[in-house]
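The structure appears right after this line, and notes come after that.
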Amino acid sequence: MSEKVLEIKNLFKSYGKRKIINDLNMTVFKGDVYGFLGANGEGKITTIRMITSLIRSDSGEILINEKSVIKNRDQAIKNIGAMVESPKFYETLSGYENLKLMAKLIDGTSDTDIDKLLELVGLKDRSKDKFASYSMGMKQRLGIANALLGNPDLIILDEPINGLDPYGMRDINELIVSLAKTSNKTFIISSHLLHEMEGICNRVGILHDGKLCIEGDVKKLVSENNVSNLEELFFDQVGGKNESINY
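Anchor point for the sequence shown: position 17 equals 17 in the UniProt record's numbering, and the numbering is continuous, going up by one each time.
And the structure:
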């Protein structure tokens, strides 16, 4: 049986009287590139913030490598690296300097580790250049490198290809797939770009009404639900006309 890197059980979160997450159950296995999908306002970011312990759930359980984020926070979240929303770095520092600054928060990260990460994400030749000079794709690459600091088992990326041109999308997608295969990392990718997610994810979960309406292997889900692709599966599950992929 595959090893569970993330397991969410009966998770709830409300703001006032509004239920955002309503009995969410979710499983991510080692080596997955897992697409966490849902329309705007469905609670993807809220869920990510609970997984990374930025906010607390009302009830339920979140386990990272069988360690509870709620009951054993420090041990659990040391296995997580995340890029939530747009990467935020100091404009006047170089890519290397920014990573070195972030690395001070993580025990055991050497200058050699930083050099290796920059090479891994394709920024070795631009590591000494100021962050302000980076293209959007380069900024995303640095954000991914930052998420990899400390060698976490689980990497969570929120909209990693949002705002990129087709070449940038292709490069970031290829980087994620390569890292998953060569480094045996597990990825959760939150995105509304369904066609792109179908190309890189082996498993997906679609969030709707505060819970996953469907979860599993992409190819099996498409086949079992008699649809042609992930986009059709999405609209089949959440409703709405199949007119746009911007969800």
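Glycine included, C-beta positions come from ideal geometry on N, C-alpha and C. Note that the coordinates shown come from a computational prediction; the quantities given were computed from them, not determined experimentally.
Requested in this report: Can you say whether THR92 is buried or exposed, counting buried as having 16 or more other CB atoms within 10 angstroms of its CB?
Outcome: exposed
Query raised in the report: Can you give, in chain order, each stretch of the alpha helix (DSSP H) that sits fully within the region 134-165 and has at least 4 residues?
Result: 136-148
Query raised in the report: Within 10 angstroms of its Cβ, does PRO152 collect 16 or more other Cβ (buried), or is it exposed?
Result: buried
Report task. Express the C-alpha separation of GLY150 and LYS104 in angstroms, rounding to a whole number. Result -> 11 Å
Report task. Below 8 Å on the Cβ atoms is my guess for ASN154 versus ILE48; work out the distance and round it to an integer in Å. Result -> In the sequence as displayed, the identity of residue 154 is Leu instead of Asn. With 8 Å as the limit, LEU154 and ILE48 do not qualify as a contact, their Cβ atoms being about 11 Å apart.
Query raised in the report: Are the region 135-145 and the region 23-30 in contact at 8 Å, needing three or more beta carbon pairs?
Result: no
Report task. Measure the beta-carbon distance from TYR96 to PHE131 and round it to whole angstroms, keeping in mind my assumption that it falls under 8 Å. Result -> With 8 Å as the limit, TYR96 and PHE131 do not qualify as a contact, their Cβ atoms being about 10 Å apart.
Query raised in the report: Between the region 174-188 and the region 31-49, are three or more C-beta pairs nearer than 8 Å?
Result: yes
Requested in this report: Give the DSSP-derived three-state secondary structure of THR186 in the structure shown.
Outcome: strand
Query - PHE234: first and last residue of the uninterrupted alpha helix (DSSP H) it sits in - result: 230-238
Query - Proximity of ARG147 and ALA76 at Cβ, strictly below 8 Å - result: One detail in the question is off: residue 147 reads as Ala in this sequence, not Arg. Taking 8 Å as the Cβ cut-off, ALA147 and ALA76 do not qualify as a contacting pair.
Requested in this report: Work out the CA separation of VAL177 and ASN200 for me, nearest whole Å.
Outcome: Note that residue 200 corresponds to Ile in the displayed sequence, not to Asn. So the two alpha carbons sit approximately 6 Å from each other.
Query raised in the report: In three-state DSSP terms, what is ARG203?
Result: strand
Requested in this report: Reducing DSSP to helix, strand and coil, say where ASN246 ends up.
Outcome: Any reading at ASN246 needs caution, since the residue's pLDDT is 36, under 50, leaving its predicted position unreliable; the model's value is listed next. Note: ASN246 maps to strand in three-state DSSP.
Query raised in the report: What's the C-alpha gap between LYS71 and ASN10?
Result: 15 Å
Query raised in the report: Mind checking ASN173: buried by the 16 CB within 10 Å criterion, or exposed?
Result: buried
Query - Extent of the continuous beta strand (DSSP E) to which GLY41 belongs - result: Per DSSP, GLY41 belongs to no beta strand (DSSP E) and is neither H nor E.
Query raised in the report: Taking the alpha-carbon positions, what's the VAL218 to GLY43 distance?
Result: 21 Å
Query - Neighbour-count burial assignment, ARG18, 16 or more Cβ in a 10 Å radius - result: exposed
Query raised in the report: Under a Cβ-count criterion, where at least 16 other Cβ atoms within 10 Å of its own Cβ denotes burial, should ASN98 be classed as buried or exposed?
Result: buried
**Report entry** Endpoints, the beta strand (DSSP E) within which ARG18 is located
**Finding:** 18-29
Report task. Using the Cα positions of VAL238 and ASN22, report the straight-line distance between them to the nearest angstrom. Result -> 16 Å
Query raised in the report: Excluding sequence positions up to five away, which residues of its chain have a Cβ less than 8 Å from the Cβ of LEU123?
Result: GLY95, MET138, ARG141, LEU142, ALA145
Query raised in the report: First and last residue of the beta strand (DSSP E) that includes SER127?
Result: No beta strand (DSSP E) holds SER127; DSSP gives it neither H nor E.
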